[in-house]
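Everything below concerns the one structure shown next.
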Amino acid sequence: MKIKKVTIYGYRSIKEPLELELKDVNAIIGGNNVGKSNILKAIWTVLGRDWVTVNNFCEDDVYLRDGENDIKITIEFDEPYKYHQFQGIDPIDIPKISFTYTKYKIGENIGQRRLEKQCLNKSDKPVNVLAKKPQKGEQRQYQPLTTIPQDIQKDLHVIFIGMNRNLKYQLPGSKNSILEILLRDINTDFENPDNKMQIKNSKGETIEISRIDRFKQCIKCAIESLRTDQLNELEKTIKNNALRQLGFNTENDNENLNIYFNPLTSIDFYTSLQIYVKENDFEINATELGGGFQNALVIAILKAFEERRKSGALFLIEEPEMFLHPQMQRSLYKTIRSISENNQIIYTTHSPHFVTIPEYDEIFIISKDENGTVKHKSTLQKTTQIEEKLRKELDPERSELFFAKRVLLVEGDTEKLSLPEYAKRENLDFDNMGSSIIEVTGKRNLKTFADLVLSFNIPLGFIYDIDSSEISDKNEEKKLNQELEDYKNKGVNVWSFNKKYEDELKNALGENSYQKACQKYSKSTKPIKARLIASDTQFSVPDFVKPIIKWLANKS
C-alpha cells in the first residue's frame, strides 16, 4: 500500500491546502525555511505511530500559532485499504483517511482541542460500515465509521530519518525503525516450527529441534537461575499490593488474580540488540560515536534494507546528502532508487546528486509567499521522446537548474564560462542571487530545456545563435529561430547572436582588440579563451553582454 496523494492544510508554515501527488520516489527541494521539512513532519505525525491522539499535535503546529486555525491532513492510498470489520463479511474499501486538529464548538469542552479522525470515500464523504454483525436473515444496518481502524496504521510502516542522525532512532528498540522492521521479519522466520537446529540430548545423541522450542527451553533454564529469593519476594509483594488495591482479600482471593514476571520472548531479544564497534582492544557502543560515524551506520542499515529487498515501507528522509562526499551521494541515490521499486520514498535535499533531469516529474519545488508554503510541480507532459532526450543530457551540473531562482540557457561552454567573469567585473553576483547558467549542448536542445524550466515556473532566459554551424538545413533553422523567438510571448528573456558568440565579441571589441586578445590566449581552447578574455581588464565589457548579466543578477 502506497500513498497516492497527501493534502496538508494549516500545519506550521502551510496555510492553504498543499496537495502532493506522490510517485515511488519524491524529491522535495527549495530554499531554507520554506517548509520542506514540515511536509515530512506532517506525514510522520499522523502515520508514524500505531495510534494518533490529540496530544501528537500542539499549538506550535498551527499556522501562525493562531488558535482559531485548524490543521487538516488527508492521506489518499493508491489502492483502497480493505477493512475487514467482521469475519465472513466482505471487506470495506477505505481510499482515504483524514486527521483534523480542531476545537469543540459546543458542550462543556468548548474551545478545547480535539482530533477528528475519519475514513473517507472517493467523494470525501465518511465511509459507512455495519452498525453490528448481522444475524442470518437480518437486514443490514449501516453507520458512518467515526474513527480510523488501528489496523490501517499498523500496516503502514513509516520510517523517518531526520536531520538528527542519532543511531538510536534506527536501532531495533525504536518503533518503526529500519532495523526493527528487518528483525521482526527475521523473528518471524525464527518462530517458524520448520526452522530446525541440531542439539545433543541427555544421552549424547544428536536430535533435531525447532529453534523456537530450543529458545523456550533455554529461557526456562535462565529464568530458573534468575529466580532468586529476592525476586520471588518482590513478585509476591507486588501481587499482594495489587490485590489490596483492587479490593481482594490477600488470604482468600490469592488464586483469583495472579501477577507474575513474564519471561522474555524471542522478539524481545531481537529488539534489545545494540550495535558495538571494536577497534583493536577498544570496544564502544556505536551510539556514543560522532555524528559522521553514526550517519555512516544509518546509511549502511538503509543499504541492508535494500539488499534484503524488503517491501511495503514509506521512507521519510531529511537531506540524505548529510556527511557524504559526492561519490557517496551518488551511491546513496542509487540505493534510494533501488529501494523505491518495492517501497515509497519522500526526501528533502539541497544536492543536485539527488535529483536528475529525466525524473523531473518526481520533483516538488517548495517556496513561500504571502499564503505560506507553496509547491511547484512540473506541468510538462512526460513522453518517451522527451525522457530519452533529457537522459542523454544527464548531468548533476544541469540538475542545478531545479535549485535556481533564475536560469539562463546557453548552447555551449563558451557563454557558460565567460558570462560569470564579466559579471565579476561589473560587481554582479550570480550565486548570491541564486542564478544558474545551464549549458544544453546545442541549439536543438534549447526548446526542451526551456519547456522544462518554464514548467516549474522558474524565471528563464536563453541565448541562441541565429546562424548556427550545428544546423545545415537553413529552412529548418529558420523555423527553429522563429519558435525560439516565440518564447518571448511566454515571458522568457531571449537574446540572439547573428552568428555565434565569437562574432559578437569581435564586433564589440573591434577587429584589432579581438585579434590581440586571441593572440594573447592562443594556446587555450575556445571556451577557456573566452573566459580569459572576459576576465582580462585590458578588454572592455561588451555592451551585448551587459543586459544579459544584469538580468541574471536581477539588476535589470
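Using our numbering, the first residue of the sequence shown is number 530, and each one after it goes up by one. For each residue, glycine too, the CB sits at the ideal point set by N, CA and C. In this text the structure is predicted, and so the values were computed from the model without any measurement.
Among the options, nearest to residue i - alpha-carbon criterion
i       : options                            : result
Thr1066 : Lys1003, Pro609, Glu955 and Glu917 : Glu955
Leu576  : Glu605, Glu588, Lys565 and Val554  : Glu605
Leu708  : Leu1061, Phe719, Ser947 and Ser801 : Ser801
Phe615  : Asp589, Leu593, Pro663 and Gln910  : Pro663
Gln823  : Lys918, Ile690, Asn785 and Gly941  : Ile690
Ser1069 : Asn986, Glu1040, Tyr951 and Arg973 : Tyr951
Arg935  : Asp599, Val1021, Ile677 and Asn693 : Val1021
Val563  : Ile987, Leu685, Ser542 and Glu608  : Ser542
Ile1057 : Arg973, Thr943 and Leu786          : Thr943
Asp958  : Ala1082, Asp1015 and Leu1061       : Ala1082
Ile537  : Asn791, Lys904 and Arg859          : Lys904
Asp680  : Met530, Lys1017 and Glu1012        : Met530
Lys570  : Ser984, Cys747, Met692 and Thr631  : Met692
Arg694  : Ile830, Asp619 and Lys1007         : Ile830
Contact set for residue i: own chain, Cβ-Cβ below 7 Å, skip 5 residues either direction
i       : result
Thr779  : Asn769, Leu772 and Arg773
Ile639  : Tyr633
Pro1076 : Ser1085
Leu861  : Ile828, Pro849 and Leu853
Met726  : Ile738, Arg740 and Arg743
Pro887  : Glu916, Leu919, Arg920 and Leu923
Asn705  : Gly577, His686, Val687 and Ile688
Thr864  : Leu831, Lys832 and Glu835
Residue span of the alpha helix (DSSP H) that contains residue i, given as start and end
i       : result
Glu709  : Ile707 to Phe719
Gln759  : Asp758 to Gln774
Lys611  : No alpha helix (DSSP H) contains Lys611, which is instead part of the beta strand (DSSP E) from Ile600 to Tyr612.
Asp684  : Gln679 to Asp684
Pro855  : Pro855 to Ile868
Thr913  : Thr913 to Lys921
Asp980  : Leu975 to Ser984
Ala952  : Asp942 to Arg954
Gln1011 : Lys1003 to Glu1014
Ser928  : Pro925 to Ser928
Three-way DSSP call (helix, strand, coil) for residue i in this model
i       : result
Cys648  : strand
Glu580  : The identity of residue 580 in the sequence shown is Trp, whereas the question assumes Glu. Three-state result, Trp580: coil.
Gly821  : helix
His882  : helix
Lys1052 : coil
Ile728  : strand
Glu899  : coil
Ala933  : coil
Arg541  : coil
Ile672  : Residue identity check: residue 672 is Gln in the sequence provided, not Ile. The answer is strand: DSSP assigns Gln672 an E or B state.
Asp890  : helix
Arg838  : coil
Pro849  : coil
Asn814  : strand
Cutoff 6 Å; reference residue i; Cβ partners in own chain excluding five residues on either side
i       : result
Ile804  : Ala815
Ile875  : Asn555 and Leu845
Leu843  : Val687 and Gln873
Glu929  : Pro881 and Ser965
Tyr592  : Gly539, Lys544 and Asn598
Asp553  : Ser869 and Gln873
Phe1026 : Asp994 and Glu1033
Val656  : Ile623, Cys648, Asn650 and Leu674
Phe798  : none
Asn730  : Ile736
CA-to-CA distance, residue j to residue i, given in whole angstroms
i       : j       : result
Lys611  : Leu818  : 44 Å
Ile558  : Asp590  : 21 Å
Leu712  : Asp718  : 10 Å
Cys1047 : Pro1071 : 16 Å
Ile572  : Ile1000 : 51 Å
Asp758  : Leu775  : 26 Å
Lys1029 : Thr878  : 37 Å
Lys665  : Lys749  : 48 Å
Pro673  : Asn785  : 41 Å
Thr574  : Ile568  : 10 Å
Asn900  : Trp1080 : 27 Å
Ile532  : Leu551  : 7 Å
Lys765  : Ala751  : 20 Å
Span of the beta strand (DSSP E), counted from its first residue to its last, around residue i
i       : result
Tyr538  : Ile532 to Tyr538
Leu632  : One point to set straight first is that residue 632 is Lys, not Leu, in the sequence displayed. Here the beta strand (DSSP E) through Lys632 covers Ile621 to Lys632.
Pro1076 : Premise fails: Pro1076 lies in the alpha helix (DSSP H), Lys1075 to Leu1081, not in any beta strand (DSSP E).
Ser739  : Thr735 to Ser739
Leu700  : It is not in any beta strand (DSSP E) - Leu700 carries neither H nor E in the DSSP assignment.
Nonlocal neighbours in the same chain, by C-beta distance under 8 Å from residue i, ignoring five residues either side
i      : result
Lys683 : Asp579
Arg594 : Glu588
Pro609 : Asp622, Ile623 and Pro624
Any non-hydrogen atom of the ligand MG within 7 Å of residue i CB
i       : result
Lys1058 : As presented, the structure is devoid of all ligands, the ligand MG included, so that no description of it is given.
Test: residue i CB closer than 8 Å to a CB of chain C
i      : result
Leu755 : Given the protein chain composition of this structure (a single chain), no chain C is represented.
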